[in-house]
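Per the working numbering, residue 7 is the first one in the sequence shown, and the count goes up by one each step. For each residue, glycine too, the CB sits at the ideal point set by N, CA and C.
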Amino acid sequence: MTKNTNLSGNSSRNSYFLPLASLIFSVAMLLLVGRAGANNAVLRSIFSCQAQGLGGLIPTIKIWYQQGTNLSFIPSGEVIKKVWLNDPSQVTLDFDGPVCMQFGQEANTNTGDCKNSAANVIQLRRIKKLNIPGLPPTNNTLLTVVTEAQGKNKLYTFRVIYGTDNPEYHTLAIFSDPSGQEGACAKVPQ
Numbered sequence: 007m008t009k010n011t012n013l014s015g016n017s018s019r020n021s022y023f024l025p026l027a028s029l030i031f032s033v034a035m036l037l038l039v040g041r042a043g044a045n046n047a048v049l050r051s052i053f054s055c056q057a058q059g060l061g062g063l064i065p066t067i068k069i070w071y072q073q074g075t076n077l078s079f080i081p082s083g084e085v086i087k088k089v090w091l092n093d094p095s096q097v098t099l100d101f102d103g104p105v106c107m108q109f110g111q112e113a114n115t116n117t118g119d120c121k122n123s124a125a126n127v128i129q130l131r132r133i134k135k136l137n138i139p140g141l142p143p144t145n146n147t148l149l150t151v152v153t154e155a156q157g158k159n160k161l162y163t164f165r166v167i168y169g170t171d172n173p174e175y176h177t178l179a180i181f182s183d184p185s186g187q188e189g190a191c192a193k194v195p196q
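This is the structure in structure tokens:
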């Protein structure tokens with residue numbers, strides 16, 4: 007009582023179907039994984055000239071409660087010399103090395119601990135808003151960074167905005183300007 011099933015008649019149609027279905031499934035998975043990876047990027051990058059605003063736009067850096075956001079000058083080889091944060095009521099700053107600490111009228115980056123500044127990364131962390139008398143409420147703040155590389159200083163300003171949703175990235179990396187590529191930091195017409 008055995009049935010002989012002839013599968014050879016269906017094999018020519020099935021031989022094309024299985025690889026085609028596999029290919030469609032693989033492409034769909036790659037598209038979904040690629041989209042998820044883009045939404046959860048761990049690193050954002052920008053050229054030095056763009057981060058300095060030479061293209062006409064002030065760059066932004068976003069920080070969230072869930073995690074800190076790093077501002078890294080490691081790729082550009084620059085050392086952080088001085089940092090200002092206009093509104094410290096919602097952000098803490100930390101560094102990966104010593105940073106110049108100066109107070110008063112006689113600020114000089116060539117003396118004291120300013121000669122020994124060695125930080126390359128600023129870690130910004132969002133905190134619950136502190137009530138600081140005399141500080142008006144704002145939805146963002148300005149972060150100013152002075153760096154040095156090969157004896158030359160650079161000035162960066164970043165608009166710090168606050169995120170309440172899931173973090174989009176954890177590091178904004180500053181890269182050296184592209185050599186031989188015209189237009190990377192072209193001025194945006196206004």
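Endpoints, alpha helix (DSSP H) assigned at residue i
i	result
residue 56	54-57
Neighbour-count burial assignment, residue i, 16 or more Cβ in a 10 Å radius
i	result
residue 4	The structure shown does not extend to residue 4, since the chain spans only 7 to 196, so no value can be given for it.
residue 48	exposed
residue 103	exposed
residue 90	exposed
residue 185	exposed
residue 144	exposed
residue 69	buried
residue 167	exposed
residue 63	exposed
residue 133	exposed
Chain-order list of residues whose beta-carbon lies under 7 Å from that of residue i (same chain, five-residue window excluded)
i	result
residue 136	95
residue 57	65, 162 and 180
residue 138	95
Beta-carbon contacts of residue i that lie in its chain and below 6 Å, excluding the five residues immediately before and after
i	result
residue 183	53, 54 and 55
residue 178	50, 67 and 77
residue 174	none
residue 131	74 and 98
residue 154	85 and 87
residue 129	74, 76 and 100
Nearest-angstrom Cβ-Cβ length linking residue i and residue j, presumed shorter than 8 Å
i	j	result
residue 93	residue 147	4 Å
residue 164	residue 149	4 Å
Host beta strand (DSSP E) of residue i (start-end)
i	result
residue 162	158-169
residue 96	Neither: residue 96 is in no beta strand (DSSP E) and is coded neither H nor E.
residue 181	177-181
residue 69	66-70
residue 91	85-91
residue 155	146-155
residue 129	127-132
residue 76	75-78
Contact with chain B by residue i, beta-carbon distance below 9 Å
i	result
residue 128	Here chain B cannot be found, since the structure has a single protein chain.
Residues near residue i by beta carbon distance below 8 Å, same chain, minus five either side
i	result
residue 126	78, 79, 80, 84, 85, 86, 102 and 103
residue 160	54, 58, 84, 152, 153 and 154
residue 172	70 and 72
residue 176	48, 49, 73, 74, 75 and 76
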